[in-house]
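As they're listed, the protein sequences go chains S and W. 123 is the number of the first residue of the first sequence in my numbering; add one for each residue after it. 123 is the number of the first residue of the second sequence in my numbering; add one for each residue after it. First up is the structure itself, then whatever we jot down about it.
Number of protein chains: 2
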Amino acid sequence: MSEEAALSTFRHLPPDKQERVLTAALAEFADQGYHQASLNRMVAQAGIAKGSLYQYFPNKEGMFAYIFQFALKLVRRTLTTVKEETLEENFFVRLEKSLLAGVAFSREHPRIFSLYLKIQFDKNVPFREEFLAAVRRHATEYFASLVRRAQSRGELRPGVPRDATLFLLDAVFDRFLQAVAVPALDVTLGLHQATDAAIHQHVRELVGLLKDGLMA
Amino acid sequence: MSEEAALSTFRHLPPDKQERVLTAALAEFADQGYHQASLNRMVAQAGIAKGSLYQYFPNKEGMFAYIFQFALKLVRRTLTTVKEETLEENFFVRLEKSLLAGVAFSREHPRIFSLYLKIQFDKNVPFREEFLAAVRRHATEYFASLVRRAQSRGELRPGVPRDATLFLLDAVFDRFLQAVAVPALDVTLGLHQATDAAIHQHVRELVGLLKDGLMA
DNA sequence: TTTTGATATGACCAAGTGGTCATGAGTGAA
DNA sequence: TTCACTCATGACCACTTGGTCATATCAAAA
Numbered sequence: 123m124s125e126e127a128a129l130s131t132f133r134h135l136p137p138d139k140q141e142r143v144l145t146a147a148l149a150e151f152a153d154q155g156y157h158q159a160s161l162n163r164m165v166a167q168a169g170i171a172k173g174s175l176y177q178y179f180p181n182k183e184g185m186f187a188y189i190f191q192f193a194l195k196l197v198r199r200t201l202t203t204v205k206e207e208t209l210e211e212n213f214f215v216r217l218e219k220s221l222l223a224g225v226a227f228s229r230e231h232p233r234i235f236s237l238y239l240k241i242q243f244d245k246n247v248p249f250r251e252e253f254l255a256a257v258r259r260h261a262t263e264y265f266a267s268l269v270r271r272a273q274s275r276g277e278l279r280p281g282v283p284r285d286a287t288l289f290l291l292d293a294v295f296d297r298f299l300q301a302v303a304v305p306a307l308d309v310t311l312g313l314h315q316a317t318d319a320a321i322h323q324h325v326r327e328l329v330g331l332l333k334d335g336l337m338a
Numbered sequence: 123m124s125e126e127a128a129l130s131t132f133r134h135l136p137p138d139k140q141e142r143v144l145t146a147a148l149a150e151f152a153d154q155g156y157h158q159a160s161l162n163r164m165v166a167q168a169g170i171a172k173g174s175l176y177q178y179f180p181n182k183e184g185m186f187a188y189i190f191q192f193a194l195k196l197v198r199r200t201l202t203t204v205k206e207e208t209l210e211e212n213f214f215v216r217l218e219k220s221l222l223a224g225v226a227f228s229r230e231h232p233r234i235f236s237l238y239l240k241i242q243f244d245k246n247v248p249f250r251e252e253f254l255a256a257v258r259r260h261a262t263e264y265f266a267s268l269v270r271r272a273q274s275r276g277e278l279r280p281g282v283p284r285d286a287t288l289f290l291l292d293a294v295f296d297r298f299l300q301a302v303a304v305p306a307l308d309v310t311l312g313l314h315q316a317t318d319a320a321i322h323q324h325v326r327e328l329v330g331l332l333k334d335g336l337m338a
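What follows is the structure, encoded as structure tokens:
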């Protein structure tokens, strides 16, 4: 069966069945990573026969690609929303709100976030380059637009190196979300079990450090 | 065969054979991650029979544990060396040198670094918690000792929040090394193919930002 | 030369993998 | 009732995995 025909079959399924399959697949990929993900477990979880999976998707890769497109759409939408909603605010306030939005996203869609993390260091995942490039491009472009606007408003110290700034923001942002999601990486802040208030406080402190530096 | 007896057999092997086995195992684990690593490929690469592997190690986990201890020793030694060699320098100079030492390490031992990265987000790797905790504890303790000394010398702005500072340093450090090792994460700086001079420049800029902040 | 103990070997095993396919069920049109 | 078409099913396939074990090799001791 051709790839398009298969996907079309899937999309004509009753919505609840589509959701069962999608949920099971995302869970399996997110928990196990691409290669360890087992189609047998997936179909058991979704309550369908193995053969049915191949009525909906051309193969494991195709299934993965479908999920990954789905995830990318969500990420894009979230970034756009935050960017627009904070457009008129001060740069450092925007940073705080962006971080909090990131935390909210990773809590609302933990599977998607976990999948993203798993892909980062596994060279053998299909579409990995595409996927990572897309996510990083969106993130970088997001920060770049914040920085441009901040500079045009004089909210940044003149002469800060642009690329280093983008790198710094990206690094802090990414690592913060990782610490929220992965206890083992969360040695210093205890973010994993933190209340919202504690997280707000950490975000404020962190952005404060970025703003004023360690030696002012 | 008991675990100790097996390891003792391995250690009595001719050094070149030990090295062949160790190299092949590290390469396989680093390239493929724990689960995808194939013992069949390992023995083929090392030029030994599969049964021999089980004369040296109790099983796959045991082999992994051995390699991981070996790697941890290297990391510990490197951190200690850098700490001692820069003891008398200014805090921000120490940061620069630490970053450069990290880059040097990941270039000298790319397999070890790659293994570390792979473990970070794969929940199912044996000893993962131990391993990550050990590495993160060493790194955090390293930065903490730098910060303490800096504060006692008045090199830090009074009142900087301690935990947020440690987090910030850890985040930047880690991400910088990741960008050097993984092209897909290296959107902004182009570190992957960079000359030593370019890397030095980036390190200076980054530490400069940490020092003076984005808005001074 | 024989014996002994450590080490080497690869055919073999059960279990699990992604993927296939012949068969059957269900449904609306003719 | 028959036909045509879509979708469902699970036994089955070739292949790989981590791990085992009976057997062979070999050196040193006796």
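C-beta atoms are modelled at their ideal positions from N, C-alpha and C, and glycine is treated no differently.
Quiz item: To the nearest whole angstrom, what separates the beta carbons of Arg258(W) and Val215(S), a pair I think is in contact under 8 Å?
Solution: Residue 258(W) sits at position 136 when you count from the first residue of the second sequence. Residue 215(S) sits at position 93 when you count from the first residue of the first sequence. Actually they are not in contact, since the Cβ atoms of Arg258(W) and Val215(S) sit about 31 Å apart, beyond 8 Å.
Quiz item: Do we get a CB-CB distance below 8 Å when we pair Thr317(S) with the residues of chain W?
Solution: One-based indexing of the first sequence puts residue 317(S) at position 195. Output row for Thr317(S): interface = no.
Practice problem: Taking Thr202(S) as the reference, give the member of Ile189(S), Gln154(S), Gly155(S), Leu268(S) with the closest Cα. | Solution: Locating residue 202(S) in the first sequence gives position 80, where the first residue counts as 1. Checking every option, the nearest Cα to that of Thr202(S) belongs to Leu268(S).
Quiz item: So which residues on chain W does Ala255(S) lean against when the C-beta distance must stay under 7 Å?
Solution: By one-based count along the first sequence, residue 255(S) stands at place 133. Correct list: Ala306.
Practice problem: Pick out whichever of Leu175(W), His157(W), Tyr156(W) has its Cα sitting closest to the Cα of Val165(W). | Solution: Taking the first residue of the second sequence as 1, we reach residue 165(W) at position 43. Checked all of Leu175(W), His157(W), Tyr156(W); the closest Cα to Val165(W) is Leu175(W).
Quiz item: Listing by chain order, which chain S residues have their CB less than 7 Å from the CB of Gly155(W)?
Solution: Residue mapping note: residue 155(W) aligns to position 33 of the second sequence, counting from 1. Here the neighbours are Asp244.
Exercise. Alpha carbon to alpha carbon, how far is Phe151(W) from Leu237(S)? Give it in angstroms, no decimals.
Key: For this step, residue 237(S) is matched to residue 115 along the first sequence. For this step, residue 151(W) is matched to residue 29 along the second sequence. Leu237(S) and Phe151(W): Cα-Cα distance of roughly 21 Å.
Quiz item: Is Asp292(S) closer than 8 Å to Phe249(S) when the C-beta atoms are compared?
Solution: Within the first sequence, residue 249(S) is the residue found at index 127, counting from 1. Within the first sequence, residue 292(S) is the residue found at index 170, counting from 1. Not in contact: Phe249(S) and Asp292(S) (Cβ atoms no closer than 8 Å).
Practice problem: Compute the Euclidean distance between the alpha carbons of Gly184(S) and Ala159(W), then round it to the nearest angstrom. | Solution: What you label residue 184(S) is simply residue 62 of the first sequence in a count that begins at 1. What you label residue 159(W) is simply residue 37 of the second sequence in a count that begins at 1. Between Gly184(S) and Ala159(W), the C-alpha separation is close to 24 Å.
Quiz item: Any idea if Gly155(W) is buried or exposed, counting beta-carbon neighbours within 10 angstroms, 16 or more meaning buried?
Solution: The residue given as residue 155(W) occupies position 33 in the second sequence. Counting Cβ neighbours within 10 Å, Gly155(W) comes out buried, since at least 16 surround it.
Exercise. Please go through the same chain and pick out, in chain order, the residues whose beta-carbon is closer than 7 Å to the beta-carbon of Val329(W), but skip the five residues on each side of it.
Key: As a position in the second sequence, residue 329(W) is number 207, starting the count at 1. Phe214, Leu217, Glu218, listed in sequence order.
Quiz item: Would you report the Cα separation of Ala171(W) and Leu307(S), rounded to the nearest angstrom?
Solution: Here residue 171(W) corresponds to residue number 49 of the second sequence, with the count starting at 1. Here residue 307(S) corresponds to residue number 185 of the first sequence, with the count starting at 1. About 39 Å.
Exercise. Scan the stretch 261 to 293 of chain S for residues whose Cβ lies nearer than 7 Å to a Cβ of chain W and list them as they occur along the chain.
Key: Thr262, Glu277, Leu278, Arg279, Val282, Pro283, Asp285, Ala286, Thr287, Leu288, Phe289, Leu290, Asp292, Ala293
Quiz item: Is any beta-carbon of chain W found at less than 8 Å from that of Thr310(S)?
Solution: Position 188 of the first sequence, counting from 1, holds the residue named residue 310(S). Output row for Thr310(S): interface = yes.
Self-check item: Cut-off 8 Å between Cβ atoms - residues of its own chain near Thr208(W), not counting five sequence neighbours on either side
Solution: One-based indexing of the second sequence puts residue 208(W) at position 86. If we look at Thr208(W) and ignore the five residues flanking it on each side, its Cβ neighbours are Val215, Arg216, Lys219, Ser220.
Quiz item: So Arg363(S) and Arg297(W) are in contact, right, with Cβ under 8 Å, and what is the actual spacing, rounded?
Solution: Outside the shown range of chain S (123 to 338) lies residue 363(S), about which nothing can therefore be said.
Exercise. Give, in chain order, every unbroken run of the beta strand (DSSP E) that is at least 3 residues long and sits entirely within the stretch 127 to 152 of chain W.
Key: none
Quiz item: Whose C-beta lies closer than 8 Å to the C-beta of Asp244(W) among residues of the same chain, with five residues either side of it excluded?
Solution: Here residue 244(W) corresponds to residue number 122 of the second sequence, with the count starting at 1. Answer for Asp244(W): Gly155, Tyr156, His157, Arg250, listed in chain order.
Practice problem: Helix, strand or coil for Met185(W), going by three-state DSSP, please let me know. | Solution: For the purposes of this step, residue 185(W) is taken as residue 63 along the second sequence, with counting starting at 1. Reduced to three states, the DSSP call for Met185(W) is helix.
Quiz prompt | Whether Val325(W) touches Leu331(S) by CB criterion (8 Å) | solution = By 1-based counting over the second sequence, the position of residue 325(W) is 203. By 1-based counting over the first sequence, the position of residue 331(S) is 209. For Val325(W) and Leu331(S), no; Cβs fall outside 8 Å.
Quiz prompt | Cβ-based contacts, 7 Å cut-off: residues of the stretch 325 to 338 of chain W near chain S | solution = Glu327, Leu328, Leu331, Leu332, Lys333, Asp334, Gly335, Leu336, Met337, Ala338
Practice problem: Just mark Val252(S) as buried or exposed, buried being the case when its beta carbon has 16 or more other beta carbons within 10 Å. | Solution: Position 130 of the first sequence, counting from 1, holds the residue named residue 252(S). In the sequence under discussion, the amino acid at residue 252(S) is Glu, which differs from the Val named in the question. Exposed, since its Cβ has fewer than 16 Cβ neighbours within 10 Å.
Quiz item: In terms of residue numbering, what span does the alpha helix (DSSP H) encompassing Thr262(S) cover?
Solution: Sequence index remark: in the first sequence, residue 262(S) carries index 140 (1-based). Looking at the DSSP string, the run of the alpha helix (DSSP H) that includes Thr262(S) is 250 to 274.
Self-check item: Anticipated Cβ contact below 8 Å, Ser228(S) with Ala303(S), distance rounded
Solution: The count along the first sequence starts at 1 and reaches residue 228(S) at position 106. The count along the first sequence starts at 1 and reaches residue 303(S) at position 181. Sure, about 6 Å apart at Cβ, within 8 Å.
Quiz item: Using a Cβ-Cβ cut-off of 6 Å (strictly less than) and excluding sequence neighbours within five positions of Lys240(S), which residues of its own chain qualify?
Solution: The residue you call residue 240(S) lines up with position 118 of the first sequence. Excluding sequence neighbours, Lys240(S) sits near Gly155.
Quiz item: Does the beta-carbon of Gly335(S) have 16 or more other beta-carbons within 10 angstroms, so that it is buried, or is it exposed?
Solution: Numbered from 1 along the first sequence, position 213 holds the residue referred to as residue 335(S). Gly335(S) is buried by the Cβ-count criterion.
Practice problem: With 8 Å as the threshold, decide whether the Cβ of Leu161(W) is near any Cβ in chain S. | Solution: Taking the first residue of the second sequence as 1, we reach residue 161(W) at position 39. Closer than 8 Å: no.
Quiz item: Where in the stretch 286 to 315 of chain S do unbroken runs of the alpha helix (DSSP H), each at least 4 residues long, occur, reported from the N-terminal end onward?
Solution: none
Self-check item: Proximal residues to Arg163(S) (C-beta, below 7 Å), its chain only, five neighbours per side dropped
Solution: In the first sequence, counting from the first residue as 1, residue 163(S) sits at position 41. Correct list, in chain order: Glu150.
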